[in-house]
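Trainee: Each residue of the sequence shown is one higher than the one before, starting from 15 at the first, in my numbering.
Ideal placement from N, C-alpha and C gives every residue a C-beta, glycine not left out.
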Amino acid sequence: MDVLKFECPDYLITISTASVNYAWDRFVRRVRSAAQTYCAYSSSRKGTLKLRDLPAGKNELVAQNDEIVPCEEWPQLWPVLFETCKYQFAVEFKQGLDISIEKQYPHVRHQLKSIGENFKFYSSSSDSGILVGDIDFLNSPGKFSFAFDYWDTDGLLHHEKMELYVASPKLDTKNDLQQIMALINQEYENYIYDYLTLTFSSFALQRSVKNNHIIWLSIFRSVVDEYFRNVRFVMSRPNNKPVRKTYHARPERIRRWSQREEERYRNMGQDAEMHYFRYEQTENTINTRENRFVKYTLHVLGKKFREVFSELGALPNVMDAEERQLLEDYQRQFKRLETSPFFQKVGEFEGFRQESAILQQRMGYSKIYKAWLMLKNSLELIDGKTDIGMKQIWELYEIWCFLVMKRLIAKVLGLDLQKPNNYVREDKSKMLNTIVKSEMTHVIEFDNVKNGDKVCLEYQHTYNRRTKEFSTTTTEQRPDIVVTIKKKDGFVLTYLYDAKYRVQDDARDGELDEGVSIDVADYPLPDAINQMHRYRDAIYYSMKTEVRPSAKEIIGGYILFPGRVVGDEIYGRYFYQSIRKVNIGAFPLLPAAKENEDDIIQCDLLERHLREILLEDSVYEHVKDSIPQKGLVYDTENVFVLIVDRDAYDDYEHNRLSMEIPLDINKGMFKIDSIDYFMFIVENASEGYYRVTNSRLRIKDDKLILALSLTDYQSFEFGFKDVAECDTKTIVSLRDLLNVR
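If you want it as structure tokens, here you go:
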């Protein structure tokens, strides 16, 4: 279907795709009434714009301006380009093309080499033809500049451009994405920006000391042509300063005499013609403060550009050839201007003692000064006129999920991240921020002051054959987010989270809950949830059996996806129910609405989950709802039970850390080194249990005695708790003993 047509006297642009109906429906549910005025369109040529009438649900193109009155800008319209769709672009040139040689064929102009290579020109006559190609906007919402060049029969080169907007049906790019970027920028300044991207965003400038190469280059590209033009203007019409200079010459060469030298000449008589006399004259010089400043900007900006350009050299196969040629031309212009004879006569800049009216008001100088100030600025996350590339949205979503986890963990543990303390430790210097693509890892450690646990939050932790404590014997596993809880007794609990910027688009991609429509509900992709099963199967303890803790490594695995929640419907979704059953499932995660920014996220399910795993002291409560990893058998925690009557229990000194229990040698045998806990049972109920640190048998008065060393008494929350029926002086599973319905 055709979704957009733009026509001017020289050419017709047509954009088409298979279908946008599903993407439009989801987009409307995301942004509601804002959908019809969400974006704007513009063109370098005046013409007529037609869009598919998506708001009315009609399969026809509707003109957005009168053909008699062509326009260049069309604000407040609905989007027809979505990041989940692949589009075909066609530019049909009517006539007047110069295609006598292949070098002058029309071609698409973009920073990314792959975009230009996707397009091909086909001639239909000696002066007309069509330029066609495909563009896939996957994970790249934002503004898109469709630019192309062509030569006409008069030998003129035309640079044409049409700016479009690519919307996302998964989240609101003007609200949700802005909050995601703001949170990331707050933690890791300027990390969100990127170079050589398919789409871009527009931001306003703000004064900032910190600036990175990507921001600098984006601002530089917007001012460099005018900057060079004004430097040349200054060289042709420089600001001069009159200075008085002293010379010595013979009398016939001096035009203006001072009174003193004139008297000296008369006193010398006939010999005066043989002598040199001093004279002064006023001359104009270009060695002014303002010209020294212009020379200084050339030196500083040229040096900065060479640093950035050398870093871009690491991207030879990604950058378009014309883009590289343009940057090389900038480098040559800097060198040519810096070494020009004009600036050889200008001294070094030593700063200004006071403001210069010439820099602020005079033609040429004021524009150079403005460009200098802009290149010292950073970017503000509001709509503006500076275009800059952003990292792909899936990567931003991953990092945002990690930062949300950081804030939620701190919130649950009662820690204030704004106040420096010893309970939160992280090294932000390891978060890389550069033009060159590289993997990024980060570790944050928390102290749980409520129960003494150590909590570790990791971004992109790698499990492979070389990792020391936990490993995988198969391929490398790299979950996005890992939360590790180390209990006081050394017990280790690990939870995996994978951020997936994807939702199920088709009911055929996976099974839905009964009575639920894919057009209304957001579901994670089934393969993403299955991946969490694969993680649990692949990762296990690499420690030797005899030193391995009696615990499992992966307690649970969860998907974080951009799903919206309406009412209590989420509680019935299979991906949430499965968390309770097998500890594998999914949490919807999107930024909270502006009026509820303190909540951080829209749905509190993830926060409630973190409260359960971080604040629950009993390891049993963590493990009891989780199934073992495939092919593994988890060690059972055993308790030695002693059934006593109420009077004996009340008389017992509960602060004692040792216990001697006579055994009946004729009742059989059991393995005493398997005892983990000791518990009193009174009338089929217990008030708590001790951890056993040591157990041994000895003979005393011809009786077999079990000696237990005890520590860490753990009482149940609501007093006595019913336990399963069992015999006294036996070893039973703690899980079986407490699992009483």
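With distances taken between CB atoms, is the gap from residue 69 to residue 92 smaller than 7 Å?
Mentor: Within the sequence shown, numbered from 1, the residue matching residue 69 stands at position 55. Within the sequence shown, numbered from 1, the residue matching residue 92 stands at position 78. It is a contact, given that the beta carbons lie within the stated cut-off.
Trainee: Could you check how far apart the C-beta atoms of residue 30 and residue 136 are, in whole angstroms? I think they sit under 8 Å.
Mentor: For this step, residue 30 is matched to residue 16 along the sequence shown. For this step, residue 136 is matched to residue 122 along the sequence shown. Residue 30 to residue 136, Cβ: 17 Å. No contact.
Trainee: So residue 176 is in the beta strand (DSSP E); what residue range does that whole segment cover?
Mentor: Numbered from 1 along the sequence shown, position 162 holds the residue referred to as residue 176. Counting along the chain, the unbroken beta strand (DSSP E) around residue 176 starts and ends at 171 to 181.
Trainee: Indicate the three-state DSSP secondary structure (helix, strand or coil) for residue 686 in the structure shown.
Mentor: Against the sequence shown, residue 686 aligns to sequence position 672. If DSSP states are grouped into helix, strand and coil, residue 686 belongs with the helices.
Trainee: Quick test of your reading: residue 127 and residue 333, contact by CB under 8 Å. State the CB separation rounded to the nearest angstrom.
Mentor: Sequence index remark: in the sequence shown, residue 127 carries index 113 (1-based). Sequence index remark: in the sequence shown, residue 333 carries index 319 (1-based). With 8 Å as the limit, residue 127 and residue 333 qualify as a contact, their Cβ atoms being about 6 Å apart.
Trainee: Going by CA-CA distance only, name the one from 737, 743, 675 that's closest to residue 717.
Mentor: On the sequence shown, residue 717 is found 703 positions in, with the first residue counted as 1. Considering only alpha carbons, the answer is 675.
Trainee: Quick one: residues in its chain with C-beta nearer than 6 Å to the C-beta of residue 318, no 5 flanking neighbours on either side, listed in chain order?
Mentor: Position 304 of the sequence shown, counted from the first residue, corresponds to residue 318. So no residue of the chain qualifies.
Trainee: Label residue 51 either buried or exposed according to how many other C-beta atoms from any shown protein chain fall within 10 Å of its C-beta, with 16 as the threshold for buried.
Mentor: On the sequence shown, residue 51 is found 37 positions in, with the first residue counted as 1. Flag for residue 51 reads exposed.
Trainee: In the structure shown, what three-state DSSP assignment does residue 364 receive?
Mentor: What you label residue 364 is simply residue 350 of the sequence shown in a count that begins at 1. Looking at residue 364 - three-state DSSP - the assignment turns out to be coil, as it is neither helix nor strand.
Trainee: For residue 258 and residue 202, I'd like the C-alpha separation in whole angstroms.
Mentor: Sequence index remark: in the sequence shown, residue 258 carries index 244 (1-based). Sequence index remark: in the sequence shown, residue 202 carries index 188 (1-based). Going by the C-alpha atoms only, they are around 56 Å apart.
Trainee: Please say whether residue 111 and residue 142 have beta carbons closer to each other than 7 Å?
Mentor: Within the sequence shown, numbered from 1, the residue matching residue 142 stands at position 128. Within the sequence shown, numbered from 1, the residue matching residue 111 stands at position 97. A contact, by the Cβ cut-off of 7 Å.
Trainee: Can you name, in chain order, every residue of its own chain whose Cβ lies under 6 Å from the Cβ of residue 628, other than the five neighbours on each side?
Mentor: As a first step, residue 628 is located in the sequence shown; it is residue number 614 there, counting from the start. Around residue 628, the same chain offers 426 as residues with beta carbons nearer than 6 Å, after the five sequence neighbours per side are excluded.
Trainee: Indicate whether residue 54 and residue 89 have their beta-carbon atoms separated by less than 7 Å.
Mentor: Stepping through the sequence shown from its first residue, residue 54 is reached at position 40. Stepping through the sequence shown from its first residue, residue 89 is reached at position 75. Yes.
Trainee: With 16 other CB atoms within 10 Å as the buried threshold, where does residue 302 fall?
Mentor: Position 288 of the sequence shown, counted from the start, is the residue given in the question as residue 302. When all chains shown are included, residue 302 counts as buried.
Trainee: Taking residue 165 as the reference, give the member of 307, 299, 25 with the closest Cα.
Mentor: Counted from its first residue, the sequence shown places residue 165 at position 151. Nearest Cα to residue 165 within the set 307, 299, 25: 25.
Trainee: Could you tell me whether the segment 306 to 317 touches the segment 185 to 203, where touching means 3 or more Cβ pairs closer than 8 Å?
Mentor: no
Trainee: On a Cα-Cα basis, can you pick out the residue from 108, 15, 287 that is closest to residue 139?
Mentor: In the sequence shown, the residue the question calls residue 139 occupies position 125. When each option's Cα is compared against that of residue 139, the closest is 108.
Trainee: Would you list the one or two residues that DSSP bridges to residue 165?
Mentor: Taking the sequence shown and counting its residues from 1, one reaches residue 165 at position 151. Paired residues: 171.
Trainee: Write down every uninterrupted run of the beta strand (DSSP E) in the segment 240 to 266 whose length is 3 residues or greater and which is fully enclosed by it, in chain order.
Mentor: 255 to 263
Trainee: Tell me, which residues are paired with residue 333 by DSSP?
Mentor: By 1-based counting over the sequence shown, the position of residue 333 is 319. Residue 333 pairs with 126.
Trainee: So what's residue 630 in DSSP terms, helix, strand or just coil?
Mentor: Here residue 630 refers to the residue found at position 616 when the sequence shown is read from its first residue. Three-state DSSP puts residue 630 in coil, outside helix and strand.
Trainee: Check each candidate in 511, 94, 96, 56 and name the one with the smallest Cα separation from residue 79.
Mentor: Walking along the sequence shown from the start, residue 79 turns up at place 65. Among 511, 94, 96, 56, the Cα nearest to that of residue 79 is on 56.
Trainee: Taking 8 Å as the cut-off, does the segment 286 to 301 touch the segment 251 to 270 (at least 3 CB pairs, one atom from each stretch)?
Mentor: Counting Cβ pairs under 8 Å, three or more are found: they touch.
Trainee: Go through its chain and collect everything with a Cβ distance to residue 261's Cβ below 8 Å, but skip five positions before and after it.
Mentor: Numbered from its first residue, the sequence shown carries residue 261 at position 247. Cβ neighbours of residue 261 beyond the five flanking positions: 292, 293, 294, 295.
Trainee: What's the C-alpha gap between residue 152 and residue 95?
Mentor: The residue labelled residue 152 in the question sits at position 138 within the sequence shown. The residue labelled residue 95 in the question sits at position 81 within the sequence shown. Cα to Cα, residue 152 sits roughly 11 Å from residue 95.
Trainee: I believe residue 149 touches residue 103 by the beta-carbon criterion, under 8 Å. Please report the beta-carbon distance rounded to the nearest angstrom.
Mentor: Translated into positions along the sequence shown, residue 149 becomes position 135. Translated into positions along the sequence shown, residue 103 becomes position 89. So it is a contact: roughly 6 Å between Cβ atoms.
Trainee: Roughly how many angstroms lie between the CA atoms of residue 193 and residue 595, to the nearest whole one?
Mentor: Within the sequence shown, numbered from 1, the residue matching residue 193 stands at position 179. Within the sequence shown, numbered from 1, the residue matching residue 595 stands at position 581. Taking the straight line from one Cα to the other gives about 34 Å.
Trainee: Within the chosen definition, does the segment 281 to 288 reach the segment 408 to 416 through at least 3 CB pairs nearer than 8 Å?
Mentor: no
Trainee: Looking only at DSSP bridge pairs, what is residue 232 linked to?
Mentor: Your numbering for residue 232 matches position 218 in the sequence shown. Paired residue(s): none; residue 232 is not in a bridge.
Trainee: Please name the residue, chosen from 308, 407, 589, 340, that lies closest to residue 10 on a Cα-to-Cα basis.
Mentor: There is no way to answer for residue 10, as the model of the chain reaches only from 15 to 755.
Trainee: Decide yes or no for the touch test of the segment 716 to 735 against the segment 662 to 677: beta carbon pairs closer than 8 Å, at least 3 of them.
Mentor: yes
Trainee: In angstroms, rounded to a whole number, what distance separates the CA positions of residue 130 and residue 162?
Mentor: Looking up residue 130 in the sequence shown gives position 116. Looking up residue 162 in the sequence shown gives position 148. Using only the alpha carbons, I get a separation of about 9 Å.
Trainee: Between the C-alpha atoms of residue 174 and residue 39, what's the straight-line distance to the nearest angstrom?
Mentor: Taking the sequence shown and counting its residues from 1, one reaches residue 174 at position 160. Taking the sequence shown and counting its residues from 1, one reaches residue 39 at position 25. For residue 174 and residue 39, the distance between alpha carbons rounds to 32 Å.
Trainee: Which residues in the same chain have their Cβ closer than 7 Å to the Cβ of residue 708, if we skip the five residues on either side of it in sequence?
Mentor: If you number the sequence shown from 1, residue 708 lands on position 694. Closer than 7 Å at the Cβ level, and outside the excluded window around residue 708, lie 723.
Trainee: How about residue 34 and residue 99: do their beta carbons lie closer than 7 Å?
Mentor: Looking up residue 34 in the sequence shown gives position 20. Looking up residue 99 in the sequence shown gives position 85. The answer is yes: Cβ separation under 7 Å.
Trainee: List the endpoints of the continuous beta strand (DSSP E) containing residue 439.
Mentor: Numbered from its first residue, the sequence shown carries residue 439 at position 425. First-last of the beta strand (DSSP E) with residue 439: 438 to 440.
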